[in-house]
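Number 150 in this note's numbering belongs to position 49 of the sequence shown; there are no gaps in the numbering. Built from N, CA and C at the ideal position, the CB exists for glycine as well. One structure below.
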Amino acid sequence: MKVVLHICCGVCAAGAVEALAEEGHQVIGFFYNPNIHPVLEFQRRLGAAYKVAQKLNFLLEAGPYTPEEWLKMTNSLEHEPESGKRCQVCYRLRLEKTYEYLISCGADAFTTTLTISPHKSAQAINKIGQEIGGEKFLVRDFKKKEGFKRAVQLAKRW
Numbered sequence: 102m103k104v105v106l107h108i109c110c111g112v113c114a115a116g117a118v119e120a121l122a123e124e125g126h127q128v129i130g131f132f133y134n135p136n137i138h139p140v141l142e143f144q145r146r147l148g149a150a151y152k153v154a155q156k157l158n159f160l161l162e163a164g165p166y167t168p169e170e171w172l173k174m175t176n177s178l179e180h181e182p183e184s185g186k187r188c189q190v191c192y193r194l195r196l197e198k199t200y201e202y203l204i205s206c207g208a209d210a211f212t213t214t215l216t217i218s219p220h221k222s223a224q225a226i227n228k229i230g231q232e233i234g235g236e237k238f239l240v241r242d243f244k245k246k247e248g249f250k251r252a253v254q255l256a257k258r259w
């Protein structure tokens with residue numbers, strides 16, 4: 102199955118791409134992260150994602166860099182705690198754009214590297230993904246089976 106993988110950074114992509122490939126999926130990476138700023142940090146993370154795409158041999162498409170859109174959507178939420186309303190808005194924005202990309206490229210399903218982070222709720226992220234894409238969203242928790250540890254190991258090799 103062709104799976105669009107929303108990628109937050111190169112380290113997280115390494116573990117998630119490996120897991121999806123082991124399941125037999127063809128991965129198409131989609132880097133869309135308007136929440137990352139300043140622009141130099143965005144470019145650094147995008148560069149790392151391209152490096153992982155080259156090492157693991159998958160296509161990577163970069164979405165537009167629109168920090169003003171993210172700032173507008175989260176303006177009143179800057180005091181929210183980690184995993185609060187601000188994070189929910191951010192997850193939704195990135196997964197909506199990933200779903201739009203899935204439709205445009207004709208892939209079969211989509212998911213995200215966000216669930217590999219030990220600091221993020223896979224349950225919350227998966228719920229939003231299902232609300233957006235229904236059955237086209239692959240529910241995953243990439244941090245399971247030491248997924249984050251594996252991602253870091255792969256990234257250190259390169």
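Under the DSSP assignment, I233 falls in the alpha helix (DSSP H) whose first and last residues are 223-234. The DSSP-derived three-state label of A163 is strand. When DSSP states are grouped into helix, strand and coil, I204 belongs to the helix group. Burial check for N227: the Cβ neighbour count within 10 Å reaches 16 or more, so the residue is buried. For a cut-off of 8 Å, the C-beta gap from C206 to V112 is around 24 Å, too long to register as a contact.
Counting every other CB atom within 10 Å of its CB across the protein chains shown gives H180 a total below 16, marking it as exposed. Look at the beta carbons and you see the stretch 197-215 touching the stretch 124-131: at least three pairs across the two are nearer than 8 Å.
Beyond the five residues adjoining it in sequence on each side, E169 comes within less than 6 Å, by CB distance, of no other residue in the same chain. Put simply, the stretch 149-158 does not touch the stretch 174-191. Fewer than three CB pairs are less than 8 Å apart. Taking S222 as reference, the option from A208, G234, K245, I233 with the minimal CA-CA separation is K245. The residue among W259, E236, R193 with its C-alpha nearest the C-alpha of I229 is R193.
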